[in-house]
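Q: Residue numbers (the working numbering): -15 to 312.
This is the structure, below, for whatever I ask next.
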Ligand SMILES: [Zn+2]
């Protein structure tokens, strides 16, 4: 029998460079249904039909898999920089061909709204992941909270008093491009200015594998080579990124996640120890809490739902009411 609670839901769409996941989440925060699809139909094509294609994808999903449930809201996350009002997508360099995204410069909620009835919101993927982490870890969001995610690049999100920090232009938290290294490697941003990503990211790890361990599959680099100088340095550089933000903002809770950290054999304990050693002491080191993200494949969809609950005034989230139980 269908529960009354589940007759209403929200829709989260987490658009990735390769695949996109769309799902329906009940008002109790539980995932009701989800679908994983290639991002190619959304990424390919002209700007003129971009919104119509996106709307057709979302509406098609609702008709196929969600109806007759009532949809109260839709939140769409792009792996992109977006404006401070969370309306206009600036750029998504890993979405589309030649770093050009067909959604660039479009007010996505306003345009999408022309094709659908429920209110539509736009967000950044890492912001939604942190919403989910905060919910799952029961983090007190009255404090300064950071999410740092080591994937192909470095994703991040910062939250204070329950609100994501967007910055003057909406692009706060581009920590992958903090210029902290004196190497002269080319970064994905097109510069040679020692960006963090050139020492601590998935694409850097792949470079290290090619240069030092060409016989090893990327998935095995930590299980086979974690004790080598190259990978010890890599993990230390990841810690430098985390500690840098901790010292800068006196962050109470930092959630660390992403595909790199979740690889087999990744030395989480070493990473934690390195972060602590790099934090200023006695403060913020003594109060700092580093947690690992519990987020699974559905984190973007579930985080989109948490974001929507806040926007729509739906009170299932326990945001801000509980202290994190897990500590360093
Ligand atoms: Zn860069």
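A virtual CB, placed ideally from N, CA and C, is assigned to each residue, including glycine.
Taking residue 117 and residue 277 to be in contact with their CB atoms under 8 Å, please state how far apart those CB atoms are, rounded to whole angstroms.
A: 5 Å between Cβ atoms; contact.
Q: I'd like the list of long-range same chain contacts for residue 54, defined as Cβ closer than 6 Å, with 5 residues on each side in sequence excluded.
A: So the qualifying residues of the chain are -8.
Q: Enumerate in chain order the residues of its own chain whose CB-to-CB distance from residue 38 is below 7 Å, with the five nearest sequence positions on each side excluded.
A: Here the set comprises 26, 96.
Q: I'd like to confirm something about residue 77: is its beta-carbon nearer than 8 Å to some heavy atom of ligand 1, or not?
A: No, since every heavy atom of ligand 1 falls outside the 8 Å radius drawn around the Cβ of residue 77.
Q: Can the beta-carbon of residue 19 be found closer than 9 Å to that of residue 6?
A: The answer is yes: Cβ separation under 9 Å.
Q: I need the residues with a C-beta less than 5 Å from some heavy atom of ligand 1; please give them in chain order.
A: Every residue passing the under-5 Å Cβ criterion appears here: 161, 171, 173, 179.
Q: Please return the same chain residues whose Cβ sits closer than 7 Å to the Cβ of residue 292, not counting the five positions on each side in sequence.
A: For residue 292, where only same-chain residues beyond five positions count, the Cβ hits under 7 Å are -6, 57, 59, 105.
Q: Confirm, please, whether the CB-CB distance from residue 224 to residue 262 is below 9 Å.
A: Yes; because the gap between Cβ atoms is below 9 Å, this pair is in contact.
Q: Would you call residue 22 buried or exposed, if buried means 16 or more other Cβ atoms sit within 10 Å of its Cβ?
A: Exposed: under 16 other Cβ atoms inside 10 Å.
Q: If you run the structure through DSSP and keep just helix, strand and coil, what is residue 30?
A: DSSP places residue 30 in coil when its eight states are reduced to three.
Q: Below 8 Å on the Cβ atoms is my contact criterion, and I expect residue 185 with residue 157 to pass it. Report the Cβ-Cβ distance as a whole number of Å.
A: About 15 Å separates the two Cβ atoms, so there is no contact after all.
Q: So which of 145, 110, 163 has the shortest CA-CA distance to residue 131?
A: Taking only the C-alpha atoms, the option nearest residue 131 is 110.
Q: Please report the distance separating the alpha-carbon of residue 221 from that of residue 127.
A: Looking at the two C-alpha atoms, the distance is approximately 26 Å.
Q: Identify, in the order they occur along the chain, each residue of the same chain with its Cβ nearer than 7 Å to the Cβ of residue 255, setting aside the five sequence neighbours on each side.
A: Excluding positions up to five away in sequence, the list reads 219, 222, 223.
Q: Can you name, in chain order, every residue of its own chain whose Cβ lies under 6 Å from the Cβ of residue 31, other than the five neighbours on each side?
A: Around residue 31: 86.
Q: Specify, as a first and last residue, the run of the alpha helix (DSSP H) that residue 180 falls within.
A: Segment: none, residue 180 is in no alpha helix (DSSP H) and carries neither H nor E.
Q: Roughly how many whole angstroms lie between the Cα atoms of residue 40 and residue 103?
A: Each residue's Cα considered, the two are about 16 Å apart.
Q: In whole angstroms, give me the CA-to-CA distance for residue 162 and residue 72.
A: The alpha-carbon atoms of residue 162 and residue 72 are separated by roughly 24 Å.
Q: For residue 286, tell me which candidate among 114, 93, 100, 91 has the shortest Cα-Cα distance.
A: The candidate whose alpha carbon is nearest that of residue 286 is 114.
Q: Using a Cβ-Cβ cutoff of less than 7 Å, which residues in the same chain neighbour residue 258 once the five nearest sequence positions on both sides are dropped?
A: Around residue 258: 219, 220, 223.
Q: Do residue 247 and residue 206 have their CB atoms nearer than 9 Å?
A: Closer than 9 Å, so yes.
Q: If you draw a straight line from the C-alpha of residue 99 to the C-alpha of residue 90, how long is it?
A: Those two C-alpha atoms are separated by around 15 Å.
Q: What is the DSSP secondary structure of residue 234, reduced to helix, strand or coil?
A: Of the three classes helix, strand and coil, the one that applies to residue 234 here is coil, per DSSP.
Q: Is it buried or exposed, residue 279, if we count other Cβ atoms within 10 angstroms and call 16 or more buried?
A: By the neighbour-count rule (16 or more Cβ atoms within 10 Å), residue 279 is buried.
Q: Taking residue 74 as part of the beta strand (DSSP E), name the residues at either end of that continuous run.
A: Element bounds for residue 74: 73 to 75.
Q: Within 10 angstroms of its Cβ, does residue 24 collect 16 or more other Cβ (buried), or is it exposed?
A: Its Cβ having fewer than 16 others within 10 Å, residue 24 is exposed.
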